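Using numbering that gives the first Met the number 0, the first residue of the sequence shown is number 0, and each one after it goes up by one.
For glycine and all other residues, C-beta sits at the position ideal for the given N, C-alpha and C.
Because the structure is a prediction, the values reported are computed rather than measured.
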Amino acid sequence: MTDQPSSTAPAAALPVPADFVHRAGVALVTGGTGGLGRVIARELARRGSAVAITYRTDADAARQVLDELPPVASGTHSAHHLDLTDAEATAALVAELTGSRGPLHTVVHAAGPHVPMRHLSTVRPEQFATQVANDTTAFFTLVSACLPALRQSRGNVVAITTAATTRYPARDGLSAAPKAALEALVRAFANEEGRFGIRFNCVGPGMLTDGMAERLISSGDLDERALAVARSSTPLRRFGSALDIAEAACFLASDRAGFISGQKLDVDGGFGV
């Protein structure tokens, strides 16, 4: 997939803020082998955080991600097999991390299966239920397991959702509806857990040149006509990248966003305007 280059300098060429150098412990990134998760993990490490990534199926990809992460003074990086629909396994992993790696200061939820674009009239109830389990229930399971550790560290959670919950594009209900429920959970947790110093926020990706959009193009769900419509609906007239999402996630996880909670930052080139 090709797209118009950005008119600004690439973010990777700018000075990298040392946001997490002072943070003891580890940041947990679910879906760390995905198009977004691996870049988020890399950017957290570049900013000084030790990182633990989870993966569901691809151990080789997980090892590749670990090889890409720069070393940090605060600890080592690690990869862990995890099915987020398994509450016992999720709780066990969190206990393992906090027992061996120290405080859990950040959780970035970037996990999620490929979601085909379908009109809701063609989606079977069992297919929708599976998507809710993999998106919404998995996030709740993750947060439930992490809350005690996050209360101790006064940590934060960043959930990667979608810009489609702000402005709905046709055929995206199988993704947008479960993620809208996930965003409601983020607001609810932000309200209830703020008294313990925990912050919860979302990043809503728009159309990107990688991640889910790349898979949708490869699968044929998005053809050239659909891409042209998406580009014309985006005021910047171009698509973003995984690095754009990682920059937003790292900002929200950092002390620079210390008074931001219960919010959603759409990184969508103005699509939702």
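- DSSP lists ASN200 as the bridge partner or partners of GLN262.
- The alpha-carbon separation between ASP85 and VAL185 amounts to approximately 20 Å.
- If only complete runs of 4 or more residues are kept, the region 52-137 shows the alpha helix (DSSP H) at 58-67, 86-100 and 124-131, in order along the chain.
- Spanning the alpha carbons of ALA88 and ASP66 requires a straight line of approximately 25 Å.
- Here the region 112-127 does not lie against the region 66-83, with fewer than 3 beta-carbon pairs under 8 Å apart.
- Assigned with DSSP and collapsed to three states, LEU146 falls in helix.
- Of the candidates ALA229, THR29, ALA248 and ALA245, the residue whose Cα lies closest to the Cα of GLY271 is ALA229.
- Closest in C-alpha terms to PHE188, from the list ASP209, LEU141, PRO168 and GLY172, comes LEU141.
- By the neighbour-count definition (other C-beta atoms within 10 Å, threshold 16), PHE258 is an exposed residue.
- VAL107 and GLU191 have their C-alpha atoms some 19 Å from each other.
- Rounded to the nearest whole angstrom, the C-alpha separation of SER77 and GLY239 is 28 Å.
- Non-local C-beta neighbours of VAL15 in its own chain, meaning closer than 7 Å and more than five positions away in sequence, comprise ARG45 and ARG46, ordered along the chain.
- Closest in alpha carbon position to VAL25, among SER48, ASN133 and VAL131, is SER48.
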